[in-house]
Amino acid sequence: FFFPLPTPTITTMFATLGRRTALHAARRTAQQQAKRRMGGGAAAAPEWTGIDKVVRGYFPKDEDMVVAISGGYLGLFLLFKIKSALSGSPEEEAAPAAAAPAASAGEIPDVDSEEFGAFLESEENVAKLVESFEK
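Counting in this note's numbering, the sequence shown runs from 272 upward without gaps.
This is the structure:
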């Protein structure tokens, strides 16, 4: 006697997949619970002595200590900046720049020099400048 096997439907496939996934998750959870986790919250609070005990009286959490230390450094920085701004030495007037030697009659002065503006006032000098660009 032969009984035909039912063809799998979408719902039976998803049901089988769901059972397998649940089985894997159960096994994985059991394995993970057996492992030791570093830094778990079960550790007892340390006993502080000396200066640490005094400081931890004001700043009990680590986050408080971070804010306090950062604030201390910021305060020192600001005090230094304010002190240097108030007691800054008066700036001496800059000595007048030495007059650049005048360009000889045939030379073109440097573009950054003050003489260059006066040099461009003459049509002959502009022609010299154009000729020097063409070379």
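We put the beta carbon where it would ideally sit given N, CA and C, even for glycine.
Nearest-angstrom Cα distance between residue i and residue j?
i    : j    : result
E318 : F285 : 56 Å
R408 : S341 : In the structure as shown, the chain starts at 272 and stops at 406, and residue 408 therefore has no counterpart that could be examined.
A389 : K406 : 23 Å
L400 : L357 : 51 Å
Identify whether residue i lies in helix, strand or coil by the three-state DSSP scheme.
i    : result
I379 : coil
K406 : coil
L400 : helix
G321 : coil
A316 : coil
K354 : helix
What do you reckon, are the CB atoms on residue i and residue j nearer than 8 Å?
i    : j    : result
A316 : F330 : no
L391 : V382 : no
Does the beta carbon of residue i come closer than 8 Å to any beta carbon on chain B?
i    : result
E392 : Among the chains of the structure shown, chain B does not appear; only one protein chain is present.
Less than 8 Å between the CB atoms is what I'm expecting for residue i and residue j, so what's the real figure, rounded?
i    : j    : result
I379 : S355 : About 46 Å; that fails the 8 Å criterion.
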